[in-house]
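Numbering (the numbering used here), first residue to last: 205 to 665. Even glycine gets a Cβ: it sits at the ideal position worked out from N, Cα and C. For reference, the structure is listed below as structure tokens.
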Amino acid sequence: MATTFQDLKLSSTILQNLQDLNYTSPTPIQLSAIPLLLNGQDVAAQAETGSGKTAAFGLPIIQQVNPEQQQIQALILVPTRELALQVRQELKQYAKNIPNLKISAFYGGHSFSQERASLAHPPQIAVATPGRLTDHLFRKTLDLGTVKQLVLDEADKLLEMGFEEEIDQIMEAIPAKRQAILFSATMPQDVQDLIKESLKNPQFVKASANAIPEQLKLIGVKVEQSQKQDVVVSLLKTIDAGGTVVFCNTRAAADELAHALKAEGIAARPLHGGMEQPDRDKMMTLFRNGTTQVLVATDLAARGLDIALLETIVHYELPDDVAAYQHRSGRTGRAGKKGTVYTLATQRDERKLRDWDQVRMDNWLKADDLLKKATTAEPTMQTSAFATITINAGRKDKISPRDIVGAIIAETGLTSAEIGKIEVQDRASFIAVPEKQAQTIAEKLNNGKIKGRKFRVHLVK
205 MATTFQDLKL SSTILQNLQD LNYTSPTPIQ LSAIPLLLNG QDVAAQAETG SGKTAAFGLP
265 IIQQVNPEQQ QIQALILVPT RELALQVRQE LKQYAKNIPN LKISAFYGGH SFSQERASLA
325 HPPQIAVATP GRLTDHLFRK TLDLGTVKQL VLDEADKLLE MGFEEEIDQI MEAIPAKRQA
385 ILFSATMPQD VQDLIKESLK NPQFVKASAN AIPEQLKLIG VKVEQSQKQD VVVSLLKTID
445 AGGTVVFCNT RAAADELAHA LKAEGIAARP LHGGMEQPDR DKMMTLFRNG TTQVLVATDL
505 AARGLDIALL ETIVHYELPD DVAAYQHRSG RTGRAGKKGT VYTLATQRDE RKLRDWDQVR
565 MDNWLKADDL LKKATTAEPT MQTSAFATIT INAGRKDKIS PRDIVGAIIA ETGLTSAEIG
625 KIEVQDRASF IAVPEKQAQT IAEKLNNGKI KGRKFRVHLV K
């Protein structure tokens, strides 16, 4: 029985990359799925986010594509843009130092013509949302006739979001002789039907039933409905709440709570499906660089939310089912790291949690104790010490973090230690800088030059 990545017969380059990423031993889903996939079998896997599923299907795909053939050989369908970007990023890490291997993501919410241009040199591995992919098929801008492997990732969510028709069109566009791989957190009837239609003699594998990692600390807070807002404010003021996601069930609740937290001096922002894609991207950037310390999110927006600094989850409202609860909670405590999950529970919620008998609670707190503690304790969290400035230039303009640091030091006299996280995207860059000087830094850069050129720079509001 295989127990290490070496036992799984992966290439030396992939093994080296896994070592560099500090992947010490395979997760149960990787141990089960990788040998079957390397053997060419169709696989249907029930596995939560956080179980290591991207590596479970990604490593065999990377090992089997031919980098010398410039055509799409593996297609990974995902439900959201956030997940497309996350999966592409993970696969790129696993595939580092493999010459000529191109991994691209195709998704709505940004320029179609940019994607079409990149298809002049097709990737060997394409990660795509169904809507954008069928758009490409309709316009005949890509060819799926060379696909040998198809992955349906988060299949339950693909169907929940109404992508059946697009999946059918994509199935018709790829060869009948192919390896099909399906991953789903839950296995409702429509997912089982999709498995029957799309997979041939599939091998079924399953990660452990309890999707909440053992190292996570689960704390329940007994509340009355009317106390919830005050309790979450108190909680965030008494814990070190940098890197926290608070979950609400609706967009309106997320907006309202984010507004209330901000009024209390907490650096919070909303994240939900009602926001335009560039705004959602901006929120994620601000969260990653620490300018925003608390994201108030809905479930849909949080799919694909895989952020290393995520330490605390707060269930402000309970979701409808246990799978969604586990999915939310599993956003922290990734890859063996510690994390804390707080659940605000009214008496009705407590009954719901008892019905979900696989949810353990390590500790229960009373709302009144928490509110009392918040009035007497020194607050551990203030508004963020950082603000974010943005430059309208990025990778495509040949701008690197080093260029940006050099320009900031030259124009403002800041030291490199005072500059926070820098994120260089295709056509924009975001830099966390000391909040008190942010406006001045933006103005000086706007009037100065970066790499000998002038760019527009402004403070992100």
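Could you give the DSSP three-state label for residue i: helix, strand or coil?
i           : result
residue 260 : helix
residue 409 : strand
residue 585 : Confidence in residue 585 is poor, its pLDDT being 48 and thus under 50, which makes the residue's placement too unreliable to answer from.
residue 325 : coil
residue 380 : coil
residue 436 : helix
residue 388 : strand
residue 655 : coil
residue 332 : strand
residue 448 : strand
residue 556 : helix
residue 401 : helix
residue 649 : helix
Check the C-beta distance from residue i over to residue j and give it rounded, since I have them as a contact under 8 Å.
i           : j           : result
residue 619 : residue 648 : Rounded, the Cβ-Cβ distance is 15 Å, inconsistent with contact.
residue 639 : residue 591 : 4 Å
residue 659 : residue 489 : Not really, about 17 Å apart at Cβ, beyond 8 Å.
residue 394 : residue 346 : Actually they do not touch by this definition, with Cβ atoms about 27 Å apart.
residue 523 : residue 532 : 7 Å
residue 295 : residue 307 : 5 Å
residue 600 : residue 566 : With 8 Å as the limit, residue 600 and residue 566 do not qualify as a contact, their Cβ atoms being about 48 Å apart.
Rank the options by C-alpha distance to the C-alpha of residue i and give the top, closest one.
i           : options               : result
residue 353 : 267, 388 and 320      : 267
residue 444 : 408, 498 and 392      : 498
residue 257 : 312, 271 and 232      : 232
residue 553 : 292, 526 and 536      : 526
residue 356 : 350, 330 and 349      : 330
residue 304 : 632, 327, 544 and 284 : 327
residue 656 : 637, 293, 662 and 607 : 607
residue 594 : 650, 579, 602 and 577 : 650
residue 407 : 224, 563 and 243      : 243
residue 610 : 477, 645 and 578      : 645
residue 665 : 636, 653, 557 and 348 : 636
residue 472 : 396, 479, 463 and 480 : 463
residue 223 : 321, 643, 300 and 311 : 300
residue 643 : 279, 339 and 661      : 661
residue 215 : 312, 269 and 251      : 269
residue 332 : 317, 366, 290 and 297 : 290
residue 559 : 252, 529, 573 and 378 : 529
residue 282 : 237, 360, 247 and 323 : 360
residue 668 : 210, 487 and 423      : Nothing can be reported for residue 668, as the shown portion of the chain is limited to 205 through 665.
residue 551 : 427, 317 and 384      : 427
residue 442 : 369, 516 and 420      : 516
residue 548 : 519, 576, 575 and 573 : 519
residue 273 : 424, 350 and 468      : 350
residue 622 : 310, 641 and 482      : 641
residue 475 : 429, 451 and 385      : 451
residue 438 : 654, 280, 312 and 569 : 569
When DSSP builds the beta bridges, which residues end up paired with residue i?
i           : result
residue 474 : 500
residue 547 : 424 and 519
residue 576 : Answer by DSSP bridge pairing: none, since residue 576 is not bridged.
residue 207 : BP columns for residue 207 are empty, so no partner.
residue 662 : 594
residue 567 : 423
residue 635 : 593 and 626
Exercise. Which ranges does the alpha helix (DSSP H) cover as unbroken runs of at least 4 residues, wholly within the stretch 598-632, from first to last along the chain?
Worked result: 605-616
Exercise. Which ranges would you report for the alpha helix (DSSP H) in the stretch 282-321 if only whole runs of at least 4 residues count?
Worked result: 285-298
Problem set entry | Ranges of the alpha helix (DSSP H) found wholly within the stretch 224-279, counting only runs of at least 4 | 232-242 and 257-268
For this session: Give, in chain order, every unbroken run of the alpha helix (DSSP H) that is at least 4 residues long and sits entirely within the stretch 342-373.
Result: 359-364
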